[in-house]
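Everything below concerns the one structure shown next.
Number of protein chains: 2
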Amino acid sequence: MRFLHTADWHIGKKLHGYDLLKNQEAAMTEILAIAKKEAVDAIIIAGDLYDRSVPGIESVELLNQQFIQINLEAGLPILAVSGNHDSATRLATGAPWFKQRNFHLHTTLEEALEPIEFPEVQFFLLPYFEPIAARLYFEDDSIKTIGQAVLRVVQAMEEKFDPTKKHVLVSHFFVAGSFRTESETTVEVGGLDAVTSDTFTAFDYVALGHLHSKNAIKEGKVRYSGSLLKYSLSEMNDEKGVWLLDSQTMEPEFIALTPLQDIKHYEASFAELTDPVIYHSLDREAFWHFEITDRAVIPNMMNQLRAIYPYVLTVERKNGHDVVRQVTKKRAKTLAPIVVLQDFFKEMTGESLTPTQSEWLETGLTFALDTEKRED
Amino acid sequence: MRFLHTADWHIGKKLHGYDLLKNQEAAMTEILAIAKKEAVDAIIIAGDLYDRSVPGIESVELLNQQFIQINLEAGLPILAVSGNHDSATRLATGAPWFKQRNFHLHTTLEEALEPIEFPEVQFFLLPYFEPIAARLYFEDDSIKTIGQAVLRVVQAMEEKFDPTKKHVLVSHFFVAGSFRTESETTVEVGGLDAVTSDTFTAFDYVALGHLHSKNAIKEGKVRYSGSLLKYSLSEMNDEKGVWLLDSQTMEPEFIALTPLQDIKHYEASFAELTDPVIYHSLDREAFWHFEITDRAVIPNMMNQLRAIYPYVLTVERKNGHDVVRQVTKKRAKTLAPIVVLQDFFKEMTGESLTPTQSEWLETGLTFALDTEKRED
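Chains as they are written, first to last, in full-length UniProt numbering: chain A, 1 to 376; chain B, 1 to 376.
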């Protein structure tokens, strides 16, 4: 059999405040097109379907619609688990009906121990869970860390192994030795708190979610698919896509997705960025990370850039500011707050505070500092 | 065929702050038991399944579990619509899979026009909707009120009528001439904004939700089922239950539910209420509405009563207060705020404010009144 491995859709996630629903819709549609073209027998989604435990209504509508298209309209089986961003309970709505159409959405440890049977493969769908769940389920107080918990769960799965089939684990956690990007949630990573990849030697393939880079781990059979889209600037140079697998070989083949809007980087002066000759040569609809070479103060810079490039994420100064009066962190600590503000205003706008503005700030600062003292 | 008609479950609703999930679970379990005992072919739920558009996680878990028991385990068809308290979009999660097991949950106007076919009956499931939805759907700008909208929808339904069958409408709105209880949401009720019951002459039965009394309307074939539980003090004397119907006669027969905790009323003196002889004769676990006959000040009254009756909803004074210094509304307006507070404190506790308490209140009042002036 053939199957696709994807994860970390994070439906509803925003990028520096920009809504990504259209981008997410396009990427999911492309995954379905790949699934059809490659004639796969199932799509694996390894957790974090939503970005939040209570997703917004547009997110609910979008994901519901996608599931209808994949499972009911295209007739494709889905093998999915809840991730740490999902509410397992909310996500489970409808699941007992889904499975009658081979849409298996597991949200509890108990479900994980019953394999989903395909003629050539047994799939074990292990949702994100806390060690306490395993401690209670196995009635074993010695289970204290997620590493111990996953080890115990894998043991229980092995007891269900059909030796005539291949075995695939679908799950969502941090595997020791992986590296991380900025858009992932912080997880506790300690010696005992990590799952080591040798836990999975019994499986022919481990389809993971949680980390957003497909290269987060270099093991051959243990893989993160990476996220649906680039969800942070640190993922700018990532390639996003899905793994295609054939159960005969279990050799993952990467198929890249074409994002609706990519994250791009450009280094230039402000004059160049606002020059029609330049900006007509650039993809103005991309999410831009600019590095500008100017040293001078540029009043209202972000608004001027967004008038041309609607999706500017960040602007960095390549050469630092040629500031009117450089306020170092150290100096800021020794100056009166009002002086720091006056400097900052002049640095940003090129103009000095008016007497009225200064007076207003003095009043505000006095009040704020008094309040701070009272709260000490 | 035989079917039950219920509505307004409002899962997650609280009664004067008391959680009702256990009560709701018991009532839903009783409905399923009735359905089995009466060997019905379907259960109608006419809207407001949840109390809020984003229900709490315990509510989601409870309702999901009930649907599994009714539809998947007992194999009973469900015919349901979303009400004004439900989020149509969120509630629709899973619905396309549900219908494959004869669990029909309609949340859009479009779905309402396709009848659900049973051998002897066509059911039309019309969710709560706004006139604008009908105006857009029928591309008819003359539709301005809910009355006009429902009339137009019913016309479209009649075009789908199979004359060899009976016709049942399931819906959720306010019908002119009905009377209301306190736990219902305020709806605009005007001459044009109401649906009149003669709109429904083509139907053999109209199973409504929205109003919480089964007697809200007296028409024979147009009925509210009333809510699952008593959701306000004004419903204390209501009888809650379900209508049982046989499609042969379409004569609704009422089957009452036995609540886990009823709302009860008792009139006595405070001394009687706290007398073991009395309270051992009362159902201490009920939701109590007490009328006390005392005139004297009873310090800490509510806490004393709740130590005996954990679910006191309200305590009313039968004979008014014998107050230390009666502050009428009119007098309160002419007195200094600090005097009103001193009076109130003495009235409630029987003691005077200490000098420190008075001073503290003065400071607080000065600040509050200053703020009020500034905001004017």
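Where a beta carbon is used, it is the ideal one built from N, C-alpha and C, also for glycine. This structure is a prediction, so every number in the text was calculated from the model and none was measured.
Opposing strand residues paired with residue i [DSSP bridges]
i                      : result
residue 171 of chain B : B:126, B:208
residue 263 of chain B : B:287
residue 80 of chain A  : A:45, A:105
residue 19 of chain B  : B:14
residue 30 of chain B  : Its beta-bridge partners do not exist; DSSP assigns none.
residue 166 of chain A : A:121
residue 315 of chain B : B:290
residue 268 of chain A : A:292
CA-to-CA distance, residue j to residue i, given in whole angstroms
i                      : j                      : result
residue 68 of chain A  : residue 122 of chain A : 24 Å
residue 26 of chain A  : residue 33 of chain A  : 10 Å
residue 312 of chain A : residue 287 of chain A : 6 Å
residue 101 of chain B : residue 211 of chain B : 29 Å
residue 274 of chain B : residue 305 of chain B : 7 Å
residue 256 of chain B : residue 137 of chain B : 39 Å
residue 285 of chain B : residue 9 of chain B   : 22 Å
residue 262 of chain A : residue 316 of chain A : 18 Å
residue 108 of chain A : residue 127 of chain A : 6 Å
residue 348 of chain B : residue 15 of chain B  : 26 Å
residue 356 of chain A : residue 11 of chain B  : 57 Å
residue 324 of chain B : residue 368 of chain B : Summary for residue 324 of chain B: the model assigns pLDDT 46, below 50, so the residue's position carries little reliability, and this model does not support an answer.
residue 385 of chain B : residue 290 of chain A : This structure cannot settle anything about residue 385 of chain B, because the visible part of chain B is limited to 1 through 376.
residue 221 of chain B : residue 61 of chain A  : 36 Å
residue 244 of chain B : residue 97 of chain A  : 27 Å
residue 3 of chain A   : residue 30 of chain A  : 15 Å
residue 195 of chain A : residue 172 of chain A : 11 Å
residue 232 of chain A : residue 240 of chain A : 12 Å
residue 335 of chain B : residue 13 of chain B  : 41 Å
residue 236 of chain A : residue 300 of chain A : 26 Å
Three-way DSSP call (helix, strand, coil) for residue i in this model
i                      : result
residue 353 of chain A : coil
residue 198 of chain B : helix
residue 147 of chain B : helix
residue 298 of chain A : coil
residue 255 of chain B : strand
residue 52 of chain A  : coil
residue 98 of chain A  : helix
residue 239 of chain B : coil
residue 309 of chain B : coil
residue 363 of chain A : helix
residue 12 of chain A  : coil
residue 40 of chain B  : coil
residue 89 of chain A  : helix
residue 159 of chain A : coil
residue 413 of chain A : In the structure as shown, chain A begins at 1 and stops at 376. Residue 413 of chain A is therefore absent and cannot be evaluated.
residue 110 of chain B : helix
residue 245 of chain B : strand
residue 224 of chain A : strand
residue 4 of chain B   : strand
residue 116 of chain A : strand
residue 343 of chain B : helix
residue 70 of chain A  : helix
residue 348 of chain A : helix
Environment of residue i [buried if 16+ CB atoms lie within 10 Å]
i                      : result
residue 295 of chain A : exposed
residue 132 of chain A : exposed
residue 192 of chain A : In this predicted model, residue 192 of chain A has a pLDDT of only 48, less than 50, meaning its place in the structure is not dependable; the value taken from the coordinates is given anyway. By the 10 Å Cβ count, residue 192 of chain A comes out exposed.
residue 18 of chain B  : exposed
residue 378 of chain B : Residue 378 of chain B is absent from the structure shown; chain B starts at 1 and stops at 376.
residue 28 of chain B  : buried
residue 303 of chain B : exposed
residue 24 of chain A  : buried
residue 81 of chain A  : buried
residue 162 of chain B : exposed
residue 249 of chain A : exposed
residue 77 of chain A  : buried
residue 130 of chain A : exposed
residue 154 of chain B : buried
residue 363 of chain A : exposed
residue 277 of chain A : exposed
Cβ-heavy atom distance, residue i to the ligand SAM, below 8 Å
i                      : result
residue 205 of chain B : By its list of ligands, the structure shown contains no ligand whatsoever, and the ligand SAM lies outside what it can speak to.
**Message:** Any contact between the stretch 37-55 of chain A and the stretch 76-89 of chain A? By contact I mean 3 or more CB pairs, one from each, below 8 Å.
**Reply:** yes
**Asked** Does the stretch 36-46 of chain A come within contact of the stretch 65-81 of chain B, defined as at least 3 CB pairs closer than 8 Å?
**Response** no
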